[in-house]
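Undergrad: Residue 410 in the working numbering sits at position 409 of the sequence shown; the count goes up by one each step and never skips.
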Amino acid sequence: MEGNSSVASWLDRHKQELHTLRTNPAALAFMPANLQSDRPFIFAAVQSNGMVLQFASPELQADRELALSAVRANGLALAHVAHDLQADAEIVGEAARQNAVALRYASEELQKAVAGLEKASATLRADRGIVFVAVSLNWQALRHACETLRADRSIVLAAVKQHGKALNLAAPAVKADREVVMVAVKQDGRALQHAWTKLQADQEVVLEACKGSFVALKYASRGLRDDREFVRQVLRFHGRALKYVPPELRADHELAWTAVTNDGLALKFVPECFRANHKWVTAAVQTNGYSLQYASAELRADPELVLAATATSGGAWIFACEELRTDPSFVARVVTQHPRALKYVSDDLAADRDLVLKAVKSHSGALQYAPFELRTDPDLIVEVLQQRLESFEFMNLDLDEVRTECIQARAHGSKQHAARVHSPLSCASPSDSPKPISAALRPGPARLETPSGRL
């Protein structure tokens, strides 16, 4: 007691120095030499700022307990511990847990072990610190940990925080841990499939999983999937969860409407009578234009409905009936509303100069989807320049020079040059939209040097 009291009293006299080292560890280099090698003083200092260890005496940098305290405060302090301590699995594990960048200062053997746990020795695969760091950086490393550590709650938590799928690699006992499962499904709702059966019947756990992925409902207990009120809550988050609902609930007017108004693509899973209903399809395309593909043939022939779908998702019009897709007047309305739709029209319509001009007037970038001959049309080029330059020096544009460059481009351009056209989903569509019809190849855009620069 007396010894502790005297140490506390001595540290109290150096309160000002300790306060300075919290924010400026380099200040230790200018303090008296006895402080740089004073263990109680340095121990107190590194607890607030681990980087103080950089300026401590070599003897203290080799002190294992002091090194552990330093890296827990700042993982990068690992750079300043003695060389043999950089090969200490516990110290490296604590450092990397605090700051993953600290791993660069570990010994080569430990770096390799963390980077490729499957190639590490059995001893390292059973080392808690090394495995913890490995799974924190790559959740799949849990696969190569020893059986005991795959049942270690903290290690599994570190893995599922990175990816919910890691739950599949955990020991059965951990899959029954409600907190671990909750963390996993928050990261990836589909992790619910790896949870203990009783947790798949836990309303709170399943609802959390469904917030992240509508597929999670597939792994919920049958009791929850038959529960109308619970299903209604899920559909508020993800309409497409309707896919995993029993047929009798899919036909429930209120539940189906909740699903479709939340996500238009849920239209795929409602009864046919709803897919032939103008009100229902209108509600669906307003949330996702690509739901048009699930509407009845009659509604896919409705010009206004198709335009409404295209307004939401640019490439949706390709699901219109063939008659509309080949109708020049209708296609003209489409490209005026969404100019990039020009890249999905038939070759005959794409060669229609008036149609291309309408698209270009709506958006100059539409010109890149026109055939080669029209991309080198002087009037169309000028239309693009007029839009891009707006009021900036347009009146000084040398139109003769533009025409000359168009002629030169036609003379030297290659009609054989083609670029693959991307999916219509690139037209402002959700990342998880269904894959529509592939578009045909079309020659890539001509590159002209004009007074405004390269087009």
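Glycine included, every Cβ here is placed at the ideal spot set by N, Cα and C.
1. In three-state terms, what does DSSP make of Pro431?
2. Got a sec? Which residues, its chain only, sit under 6 Å from Ala360 by beta carbon, not counting five neighbours each side?
3. With three or more beta-carbon pairs closer than 8 Å as the criterion, would you say the stretch 121-130 touches the stretch 162-176?
4. Alpha carbon to alpha carbon, how far is Val181 from Cys211? Give it in angstroms, no decimals.
5. Mind checking which residues open and close the alpha helix (DSSP H) that includes Glu119?
6. Return the CA-CA distance between Lys176 and Arg326, expressed in angstroms with no decimal places.
7. Rounded to whole angstroms, what's the CA-CA distance from Ala30 to Gln37? Just pull it up for me.
8. Helix, strand or coil for His364 per DSSP?
9. Hey, would you say Ser214 sits closer than 8 Å to Gly240, going by beta carbons?
10. Reducing DSSP to helix, strand and coil, say where Trp258 ends up.
11. Is Phe270 close to chain D? Criterion is C-beta to C-beta, closer than 8 Å.
12. Exposed or buried, which one is Ala376 when buried takes at least 16 other CB atoms within 10 Å?
13. Classify Pro272 as helix, strand or coil using the three-state DSSP reduction.
14. So Asn263 and Arg229 are in contact, right, with Cβ under 8 Å, and what is the actual spacing, rounded?
15. With 16 as the cutoff for other CB atoms within 10 Å, does Val102 come out buried or exposed?
16. Using the rule of at least 16 other Cβ atoms within 10 Å of the residue's Cβ for burial, across every protein chain shown, is Ala27 buried or exposed?
17. Return the residue from the list Leu69, His81 and Asn75 that minimises the CA-CA distance to Ala90.
18. Over what stretch of residues does the alpha helix (DSSP H) that includes Phe238 continue unbroken?
19. What's the call for His254, buried or exposed, on a 16-neighbour Cβ count within 10 Å?
20. Exposed or buried, which one is Gln17 when buried takes at least 16 other CB atoms within 10 Å?
21. Write down every uninterrupted run of the alpha helix (DSSP H) in the stretch 85-161 whose length is 4 residues or greater and which is fully enclosed by it, in chain order.
22. Any idea what DSSP makes of His279, helix, strand or coil?
23. Could you tell me the alpha carbon to alpha carbon distance between Gln112 and Arg105, rounded to whole angstroms?
24. Taking Pro379 as the reference, which of Ser363, His364 and Arg354 has the closest Cα?
25. For Ser58, which of Pro33, Ala296 and Val246 has the nearest alpha-carbon?
26. When DSSP labels each residue in this structure, what does Asn75 get in the three-state scheme?
27. Using a Cβ-Cβ cutoff of less than 8 Å, which residues in the same chain neighbour Arg152 once the five nearest sequence positions on both sides are dropped?
28. Less than 8 Å separating the beta-carbons of Leu118 and His81?
29. Short check: CB of Asn50 to CB of Ala74, under 8 Å?
30. Report buried or exposed for Val232, applying the criterion of at least 16 other Cβ atoms within 10 angstroms of its Cβ.
31. Report buried or exposed for Ala298, applying the criterion of at least 16 other Cβ atoms within 10 angstroms of its Cβ.
32. Indicate the three-state DSSP secondary structure (helix, strand or coil) for Thr24 in the structure shown.
33. Excluding sequence positions up to five away, which residues of its chain have a Cβ less than 8 Å from the Cβ of Ala260?
34. What three-state label does DSSP hand Met183 in the structure shown?
TA: Let's see:
1. The residue given as residue 431 occupies position 430 in the sequence shown. Interpretation of Pro431 is limited by its pLDDT of 39, a score under 50 that renders its predicted location unreliable; the figure taken from the coordinates is listed afterwards. Three-state DSSP puts Pro431 in coil, outside helix and strand.
2. Position 359 of the sequence shown, counted from the first residue, corresponds to residue 360. Counting only residues of its own chain and dropping the five nearest sequence neighbours on each side, Ala360 has a CB closer than 6 Å to the CB of Val336, Pro340, Leu343 and Ala367.
3. Counting C-beta pairs closer than 8 Å gives fewer than three between the stretch 121-130 and the stretch 162-176, which falls short of the contact rule.
4. For the purposes of this step, residue 211 is taken as the residue at position 210 of the sequence shown. For the purposes of this step, residue 181 is taken as the residue at position 180 of the sequence shown. Cα-Cα distance, rounded: 16 Å.
5. Sequence index remark: in the sequence shown, residue 119 carries index 118 (1-based). Per DSSP, Glu119 belongs to no alpha helix (DSSP H) and is neither H nor E.
6. Stepping through the sequence shown from its first residue, residue 176 is reached at position 175. Stepping through the sequence shown from its first residue, residue 326 is reached at position 325. Going from the Cα of Lys176 to the Cα of Arg326 covers about 52 Å.
7. Working through the sequence shown from its first residue, we reach residue 30 at position 29. Working through the sequence shown from its first residue, we reach residue 37 at position 36. When rounded, the distance between both Cα atoms is 8 Å.
8. Residue mapping note: residue 364 aligns to position 363 of the sequence shown, counting from 1. DSSP places His364 in coil when its eight states are reduced to three.
9. On the sequence shown, position 213 is the one that residue 214 refers to. On the sequence shown, position 239 is the one that residue 240 refers to. Taking 8 Å as the Cβ cut-off, Ser214 and Gly240 do not qualify as a contacting pair.
10. Within the sequence shown, numbered from 1, the residue matching residue 258 stands at position 257. Note: Trp258 maps to helix in three-state DSSP.
11. Absent here is chain D; the protein component of the structure consists of one chain.
12. Here residue 376 corresponds to residue number 375 of the sequence shown, with the count starting at 1. A quick correction: the sequence has Arg, not Ala, at residue 376. So Arg376 ends up on the buried side.
13. Here residue 272 refers to the residue found at position 271 of the sequence shown. Pro272: coil per DSSP, three-state reduction.
14. If you number the sequence shown from 1, residue 263 lands on position 262. If you number the sequence shown from 1, residue 229 lands on position 228. About 16 Å separates the Cβ atoms of Asn263 and Arg229, ruling out a contact at the 8 Å cut-off.
15. To locate residue 102, count along the sequence shown from 1; it is residue 101. Looking at its Cβ environment, which holds fewer than 16 other Cβ atoms inside 10 Å, Val102 is exposed.
16. Here the question's residue 27 lines up with position 26 in the sequence shown. Per the 10 Å Cβ criterion, exposed.
17. Indexing the sequence shown from 1 puts residue 90 at position 89. Selection Leu69, His81 and Asn75 evaluated against Ala90 yields Leu69 as nearest (Cα-Cα).
18. Along the sequence shown, one-based indexing puts residue 238 at 237. Where Phe238 is concerned, the enclosing alpha helix (DSSP H) stretches over Arg229 to Phe238.
19. As a working note, residue 254 is residue 253 in the sequence shown. Exposed is the call here.
20. In the sequence shown, counting from the first residue as 1, residue 17 sits at position 16. Gln17 should be labelled exposed.
21. For secondary structure counted as the alpha helix (DSSP H) over 4 or more consecutive residues, the stretch 85-161 holds these complete runs in sequence order: 90-99, 109-116, 123-126, 129-138 and 148-151.
22. Position 278 of the sequence shown, counting from 1, holds the residue named residue 279. Helix, per DSSP.
23. Taking the first residue of the sequence shown as position 1, residue 112 is located at position 111. Taking the first residue of the sequence shown as position 1, residue 105 is located at position 104. Using only the alpha carbons, I get a separation of about 7 Å.
24. Position 378 of the sequence shown, counting from 1, holds the residue named residue 379. Closest option to Pro379, Cα to Cα, is Arg354.
25. Residue numbering aside, residue 58 sits at position 57 when the sequence shown is read from its first letter. Selected option, being the one with the closest Cα: Pro33.
26. Locating residue 75 in the sequence shown gives position 74, where the first residue counts as 1. Here Asn75 sits in coil by DSSP.
27. Here the question's residue 152 lines up with position 151 in the sequence shown. Sequence inspection shows Ala at residue 152; the Arg mentioned does not correspond to that position. If we look at Ala152 and ignore the five residues flanking it on each side, its Cβ neighbours are Ala171, Ala172, Ala174 and Val175.
28. Position 117 of the sequence shown holds residue 118. Position 80 of the sequence shown holds residue 81. Going by C-beta atoms, Leu118 is not nearer than 8 Å to His81.
29. Locating residue 50 in the sequence shown gives position 49, where the first residue counts as 1. Locating residue 74 in the sequence shown gives position 73, where the first residue counts as 1. In contact: Asn50 and Ala74 (Cβ atoms closer than 8 Å).
30. Working through the sequence shown from its first residue, we reach residue 232 at position 231. Residue environment: Val232 is assigned as buried (16 or more neighbouring CB atoms within 10 Å of its CB, all protein chains considered).
31. The residue given as residue 298 occupies position 297 in the sequence shown. It is exposed - the Cβ of Ala298 has fewer than 16 other Cβ atoms within 10 Å.
32. For the purposes of this step, residue 24 is identified with residue 23 of the sequence shown, where counting begins at 1. Helix, per DSSP.
33. Working through the sequence shown from its first residue, we reach residue 260 at position 259. Cβ neighbours of Ala260 beyond the five flanking positions: Leu236, Gly240, Arg241, Ala242, Leu243, Ala267, Phe270 and Val271.
34. In the sequence shown, the residue the question calls residue 183 occupies position 182. If DSSP states are grouped into helix, strand and coil, Met183 belongs with the helices.
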